[in-house]
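For reference, the structure discussed in these notes is given below.
In our numbering, the protein residues as written are 36 to 533.
Right under this line is the structure:
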């Protein structure tokens, strides 16, 4: 790290048995040694290096920053003490701050607060360095006058010379150190005030970016929240509500059983398929492969912190709708006592409910049209969502007519559909509806919710912000990955080994 011109960090936290842990990585450009480079530049290879997992005493930003500082100081001390060390001094967190140009994390308020604290600490250390350099360059008479002025202020601050002489030696040393810091800060601020804007930015600039995976997940959540609220607002027929096993009998005595519980979600099918011992396991792929006379893999694993998994699962439910319903019937009829389990019945009922299928269509459409090639193109994604809102009715008409080149016009970036079978299933469903206004209304509501979420979770990329104003060369030097997968994986490994 000491041998590169700049670096960035990424962090992510988790808890295990009431103990807080934080995964930390550093991102930097390393020399292309095969091409004879000895120093990194803007075109050098980007690399990610693990700092480790730190055990923390709390969730606050201060605690996390303290853990990061201890980790980097510890790495520097071990590197300096190694027999093969080539460094003349120890690499410390203070020296790291000079190279540190950015941080990537999730969108939690504590992570944003930590980034602000790092930026403030970076500014403070830069001011201290400017002051120290000015002290070293001072003429003897000027330095003597400055030291005398601060010594007088120090003694007057404790009540006079007699009180100062009666102080404990440790307290005197601490007071002297604090006076020296104050002196450097005053000189540093004076020098900083004389610098031009470009020089100040070179010292201070520190970028924060949120994980793009979390942006996509939250756009799904924001879209779904807006879509669910539409039913009550417009008085639309809601998706069939499904009771869990414990509540089924009670709700059936009070309400219409077809309107109780919660809506079908891709999670339900995922629980039915994902566990090799408790679910259908390989029976799912074997049955569907035979039903469609082509190879069908396992049902998409659903997890709300896994990028795109909800959209993939919704696509599975639509593309293999007939096969899944036949599979469920086959499972039911193959039992000694022909009956459904509560989960099987919920899935079967949901797959025969038009509002539920309309929601699955919306999830599939959004996933296929907007969930490709994320990264730094957040403004374009927001514009694309607005475009889809305005063209939603025309898109559904083109989709029902199965017009060619749909993806070129409607997919983000003009990319191709990754699940053409699912898109065809959506097209068939829209064709079968006498009035597809429900799908249209749900799609527009979902896109409006997703758009609002994209805007809220992409403030760091706003026009006129630090990232927008940063030069191309600086962005290259301040490279960081688009997602926080490295720390997610590191913490996942930790949880499996504890």
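Idealized CB from N, CA, C, for every residue including glycine.
- Per the Cβ contact rule, the stretch 36–46 is not in contact with the stretch 470–485 (fewer than 3 Cβ pairs under 8 Å).
- The C-beta separation of residue 526 from residue 58 comes to about 5 Å, placing the pair in contact by the 8 Å criterion.
- Measuring C-alpha to C-alpha distances from residue 97 to each of 146, 115, 162 identifies 146 as the nearest.
- Here the alpha carbons of residue 483 and residue 323 stand approximately 36 Å from one another.
- Within a 10 Å sphere around the beta-carbon of residue 56 sit 16 or more other beta-carbons, which makes this residue buried.
- Counting only the Cα atoms, residue 481 lies some 6 Å from residue 259.
- Residue environment: residue 420 is assigned as buried (16 or more neighbouring CB atoms within 10 Å of its CB, all protein chains considered).
- Of the candidates 500, 404, 522, the residue whose Cα lies closest to the Cα of residue 236 is 500.
- Scanning 262, 261, 160, 265 for the CA closest to the CA of residue 217 turns up 160.
- In the three-state scheme derived from DSSP, where H, G and I count as helix and E and B as strand, residue 373 is classed as coil.
- Separation of residue 349 and residue 70 (C-alpha to C-alpha, rounded to the nearest whole angstrom) is 47 Å.
- Comparing alpha-carbon positions, the option among 75, 432, 277 lying closest to residue 63 turns out to be 75.
- Here DSSP, grouped into helix, strand and coil, assigns residue 476 to helix.
- The DSSP-derived three-state label of residue 209 is helix.
- Between residue 245 and residue 495, the gap from beta carbon to beta carbon is short of 8 Å.
- DSSP places residue 83 in the uninterrupted beta strand (DSSP E) bounded by 80–91.
- Judged by DSSP secondary structure, residue 43 falls within the beta strand (DSSP E) whose first and last residues are 42–51.
- Proximity to residue 402 across 460, 251, 144, 462 peaks at 251, based on C-alpha coordinates.
- Ranking 337, 417, 130 by CA distance to the CA of residue 112 puts 130 first.
- Spanning the alpha carbons of residue 492 and residue 142 requires a straight line of approximately 7 Å.
- For residue 65, the enclosing beta strand (DSSP E) stretches over residues 54–65.
- In this structure, the alpha-carbon of residue 140 lies about 16 Å from that of residue 489.
- Bridge partners of residue 514 according to DSSP: none are assigned.
- In the same chain as residue 379, and ignoring 5 residues on each side of it, the C-beta atoms closer than 6 Å to its own belong to 363, in chain order.
- With a threshold of 16 other beta carbon atoms within 10 Å, residue 319 meets it and is buried.
- For residue 136, the secondary structure class from DSSP, reduced to helix, strand or coil, is strand.
- Residue 128 and residue 101 have their C-alpha atoms roughly 10 Å apart.
- Looking at 197, 203, 227, 193, the one whose alpha-carbon comes closest to that of residue 214 is 193.
- Secondary structure note for residue 188: its alpha helix (DSSP H) is the uninterrupted segment 175–192.
- Counting along the chain, no beta strand (DSSP E) covers residue 77, and no H or E run does either.
- Residue 36 and residue 279 have their C-alpha atoms spaced approximately 54 Å apart.
- Non-local C-beta neighbours of residue 441 in its own chain, meaning closer than 7 Å and more than five positions away in sequence, comprise 433, 434, ordered along the chain.
- Shown here, residue 264 sits in a helix according to DSSP, grouped into three states.
- About 32 Å separates the Cβ atoms of residue 274 and residue 415, ruling out a contact at the 8 Å cut-off.
- 8 Å or more divides the Cβ of residue 241 from the Cβ of residue 133.
- For the pair residue 152 and residue 86, the Cα-to-Cα distance works out to about 20 Å.
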